[in-house]
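Protein chains in written order, with my numbering: chain A, 123 to 274; chain B, 123 to 274; chain C, 123 to 274. Backbone N, C-alpha and C fix where the C-beta goes; we use that ideal spot for every residue, glycine too. Predicted, not measured: the structure shown is a model, and the values here were computed from it.
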Amino acid sequence: MSQAVQAVRSKVTGDLYAEVQTFYARQMRRVDALDIEGFADTFTDDGVVVHANGERAQGRERMVAGMRANLPRYRDIAVRHWFDHLLIETDPADEDTLRVSYYTLVTQTDREGKVSFQPTFTVDDVLVRRDGELLTRSRVIHRDTPVELPAS
Amino acid sequence: MSQAVQAVRSKVTGDLYAEVQTFYARQMRRVDALDIEGFADTFTDDGVVVHANGERAQGRERMVAGMRANLPRYRDIAVRHWFDHLLIETDPADEDTLRVSYYTLVTQTDREGKVSFQPTFTVDDVLVRRDGELLTRSRVIHRDTPVELPAS
Amino acid sequence: MSQAVQAVRSKVTGDLYAEVQTFYARQMRRVDALDIEGFADTFTDDGVVVHANGERAQGRERMVAGMRANLPRYRDIAVRHWFDHLLIETDPADEDTLRVSYYTLVTQTDREGKVSFQPTFTVDDVLVRRDGELLTRSRVIHRDTPVELPAS
Numbered sequence: 123m124s125q126a127v128q129a130v131r132s133k134v135t136g137d138l139y140a141e142v143q144t145f146y147a148r149q150m151r152r153v154d155a156l157d158i159e160g161f162a163d164t165f166t167d168d169g170v171v172v173h174a175n176g177e178r179a180q181g182r183e184r185m186v187a188g189m190r191a192n193l194p195r196y197r198d199i200a201v202r203h204w205f206d207h208l209l210i211e212t213d214p215a216d217e218d219t220l221r222v223s224y225y226t227l228v229t230q231t232d233r234e235g236k237v238s239f240q241p242t243f244t245v246d247d248v249l250v251r252r253d254g255e256l257l258t259r260s261r262v263i264h265r266d267t268p269v270e271l272p273a274s
Numbered sequence: 123m124s125q126a127v128q129a130v131r132s133k134v135t136g137d138l139y140a141e142v143q144t145f146y147a148r149q150m151r152r153v154d155a156l157d158i159e160g161f162a163d164t165f166t167d168d169g170v171v172v173h174a175n176g177e178r179a180q181g182r183e184r185m186v187a188g189m190r191a192n193l194p195r196y197r198d199i200a201v202r203h204w205f206d207h208l209l210i211e212t213d214p215a216d217e218d219t220l221r222v223s224y225y226t227l228v229t230q231t232d233r234e235g236k237v238s239f240q241p242t243f244t245v246d247d248v249l250v251r252r253d254g255e256l257l258t259r260s261r262v263i264h265r266d267t268p269v270e271l272p273a274s
Numbered sequence: 123m124s125q126a127v128q129a130v131r132s133k134v135t136g137d138l139y140a141e142v143q144t145f146y147a148r149q150m151r152r153v154d155a156l157d158i159e160g161f162a163d164t165f166t167d168d169g170v171v172v173h174a175n176g177e178r179a180q181g182r183e184r185m186v187a188g189m190r191a192n193l194p195r196y197r198d199i200a201v202r203h204w205f206d207h208l209l210i211e212t213d214p215a216d217e218d219t220l221r222v223s224y225y226t227l228v229t230q231t232d233r234e235g236k237v238s239f240q241p242t243f244t245v246d247d248v249l250v251r252r253d254g255e256l257l258t259r260s261r262v263i264h265r266d267t268p269v270e271l272p273a274s
C-alpha cells in the first residue's frame, strides 16, 4: 500500500470526530454538575485517572472516593472545563480503541459572576467503545509548564 | 429494532456536527460585530430568546429593539462569544429540528487589549432547517451557578 | 442548478471539518511547544504570516528567524492558543485550497499557575492540500478591536 493511501486511511472521519466530541460534551456536563457517580460511569470499571500532581485513582470506587474528598473546593463556585485541539489517533487493528489528547481550560465562576482560572492542562486519554458507546479507560492529566527555550 | 441499533442511529453524524458548528460560527460573527439585523436574521420570524435574567424577546423586531437598547454597554470593547461542548439531539421524526446545548464563555477586550470575562453560561437552543439553512427558533440562556454539594 | 442545490453542495462535510481541526490541533501543539522549525514545516515554502501589528514574514526562513527573535517573551510561561468558530470555505474549482477563519484566545500560564490573556484575535488562513496533507499558505492575524456602535 502506498504511503499516500495510508495517510488518507489514517485520517479521522467526521463521524468519529463528532462521536468523540459528543462523548466529552456529556462527560464534562457530569463532572461540572458534580455528578460524581455519573462521571465515574463514563469510565470503564478498571478506568484510571492520573492527576497532574501524580495522584492516581484506579477503578470507579476509588475515583468516586477521591472526588468526594475534593468536593469542598467546589463550594460556591460553578466550574466548567473547556476543551480544544482534540487529536484523535485510531488503531487500524482495533477500531474500538482511541487515543485522544486535548487542551483543557478550567473556569471557576463565583456567585457574583467573577471568573477565575486554573492553570491550563493537556490531557491524554485512551477511550474504548463498548456496546457502541465510548468510555474512558485511562486519563493522564499534565499541567502545562514553560518549555526550555531552544538555543537561538 | 434493537436498542443497540437505536443507539447507533441516534448518533450525530460528522456532517451534521460541521453544519451546526458552521451555523454558530456565522451567527456569532454577526453578534460580535454588533450586526444586530444580521444576527436577528439567523432566527426564525417568531424566534425567541430568554435571557439569563429571565427577560424574554420574541420576534425579530423585539429582538432588534432589545439589542439596540443594550448597545451602549459594548462601547469601546470587542466582545467575543466562545462555545464549547455542543450536544446535538436529533428528532428521528423531524430531521429539520435540532436541540442543541453548549457552554459559552464571553470575553470583552478593551482598546488597550485587556481581557475581562462575563460569567459563564450554558445555552439551550432549538434550531430548525428552512430551505436547507439552519435558523434559531428558540434560545434559553442559563447563567452557570454553583451546584449544591452532594451529601458525602 | 438551483440555488438550493448550490447551498447544499457548498456545505462543509464532516470529514473536511475534522481534517481542518486536526491540522490546527497539530500546528498549535508545535507553536505552543516553541518547536519553531516544526511549526514552520506546517506552512508552504512560500508561506506568509501577516501579524496583527502589520509585520509580514514570508518563507520559512524569515518565519523561523522572526520567531527566534521573539523567543525571550516566552521565557517562564506556558502559552496556549485556543481556537473557536472555524468557518471553512471551499473553492468548487479547487478542492485542495481552503479559506478558513477562526477566533483565537491566547493564554499564558506562569510557573505559579497564574493565567493571563493576550487580546483576542480573528485569523484568516488559506490552507492548501499537498500530497494529501494540509499546509498553511497564508495567515493574516487581526487583533479584535471595538466596532463603531451602529446608529440607534
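Nearest-angstrom Cβ-Cβ length linking residue i and residue j, presumed shorter than 8 Å
| i | j | result |
| --- | --- | --- |
| T219 (chain B) | V262 (chain B) | Not a contact, Cβ separation roughly 16 Å. |
| A162 (chain B) | R182 (chain B) | 4 Å |
| E141 (chain C) | K133 (chain A) | 6 Å |
| D137 (chain C) | T135 (chain A) | 6 Å |
| A155 (chain B) | V269 (chain C) | 6 Å |
| Y196 (chain A) | L271 (chain B) | 7 Å |
Neighbourhood of residue i by C-beta, 6 Å cutoff - its chain only, sequence neighbours within 5 removed
| i | result |
| --- | --- |
| G188 (chain A) | A179 |
| V172 (chain A) | R178 and V262 |
| L209 (chain C) | S223 |
| D246 (chain A) | S223 and V262 |
| V237 (chain C) | T229 and T231 |
| V153 (chain B) | F161 |
| S260 (chain A) | V170 and V248 |
| L256 (chain A) | F145 and L249 |
| M150 (chain B) | H203 |
Interface partners of residue i on chain C, CB under 9 Å
| i | result |
| --- | --- |
| V170 (chain A) | Simply none; closest approach about 24 Å. |
| R197 (chain B) | P268 and L271 |
| D213 (chain A) | None at all; the shortest Cβ gap to chain C is about 16 Å. |
Cross-strand partners of residue i (DSSP beta bridge)
| i | result |
| --- | --- |
| D216 (chain C) | C:D213 |
| E255 (chain B) | B:R252 |
| T144 (chain C) | Its beta-bridge partners do not exist; DSSP assigns none. |
| L227 (chain B) | B:W204 |
| R265 (chain B) | B:F243 |
| I199 (chain B) | B:D232 |
| F161 (chain A) | Looking at the DSSP assignment, F161 (chain A) forms no beta bridge with any residue, so it has no partner. |
| S260 (chain C) | C:V170 and C:V248 |
| A179 (chain C) | C:V171 |
| S238 (chain C) | C:Q230 |
| R74 (chain B) | Nothing about residue 74 (chain B) can be reported from this structure: the residues present for chain B run from 123 to 274 only. |
Beta-carbon proximity list for residue i, same chain, < 7 Å, skipping 5 on both sides
| i | result |
| --- | --- |
| E159 (chain B) | V186 |
| D213 (chain B) | T219 |
| Y146 (chain C) | F205 |
| D266 (chain C) | P241, T242, F243 and T244 |
| R184 (chain C) | none |
| N192 (chain C) | none |
| V130 (chain A) | With a pLDDT of 43 at V130 (chain A), under the threshold of 50, the predicted position of this residue should be treated as unreliable, though the coordinate-derived value follows. Here the set comprises nothing. |
| D198 (chain C) | D232 and R233 |
Contacts that residue i makes with chain A (C-beta to C-beta distance below 8 Å)
| i | result |
| --- | --- |
| K133 (chain B) | D137, A140, E141 and T144 |
| I158 (chain C) | P272 |
| R148 (chain C) | L209 |
| D247 (chain B) | What D247 (chain B) touches in chain A: nothing, since even the nearest Cβ is about 14 Å away. |
Contacts that residue i makes with chain B (C-beta to C-beta distance below 8 Å)
| i | result |
| --- | --- |
| T242 (chain C) | A200, R202, T229, T231 and V237 |
8 Å Cβ cut-off: residues of chain C touching residue i
| i | result |
| --- | --- |
| L220 (chain A) | Simply none; closest approach about 13 Å. |
Chain C residues whose Cβ lies nearer than 7 Å to that of residue i
| i | result |
| --- | --- |
| D163 (chain A) | In chain order: nothing, as chain C lies at least about 27 Å away. |
Within chain A, the residues that residue i reaches when beta carbons sit closer than 7 Å
| i | result |
| --- | --- |
| L257 (chain C) | Ordered by position in chain A, no residue passes the 7 Å Cβ test against L257 (chain C), which lies about 13 Å from the chain. |
| D206 (chain B) | W204 and F205 |
Interface residues of chain B facing residue i [CB-CB closer than 7 Å]
| i | result |
| --- | --- |
| A179 (chain A) | Those within 7 Å of A179 (chain A) in chain B number zero; the least Cβ separation is about 16 Å. |
| A174 (chain A) | None at all; the shortest Cβ gap to chain B is about 20 Å. |
Other residues of its chain near residue i: CB distance less than 8 Å, five sequence neighbours each side excluded
| i | result |
| --- | --- |
| Y139 (chain B) | L208 and I210 |
| H264 (chain C) | A174, F243, T244, V245 and D246 |
When the Cβ atoms of the segment 163 to 180 of chain A are set against those of the segment 232 to 249 of chain B, are three or more pairs found closer than 8 Å?
Counting Cβ pairs under 8 Å, fewer than three are found: no touch.
Please determine if the segment 223 to 240 of chain C and the segment 188 to 206 of chain C are in contact, where contact requires at least 3 C-beta pairs separated by less than 8 Å.
Output reads yes: the segment 188 to 206 of chain C touches the segment 223 to 240 of chain C.
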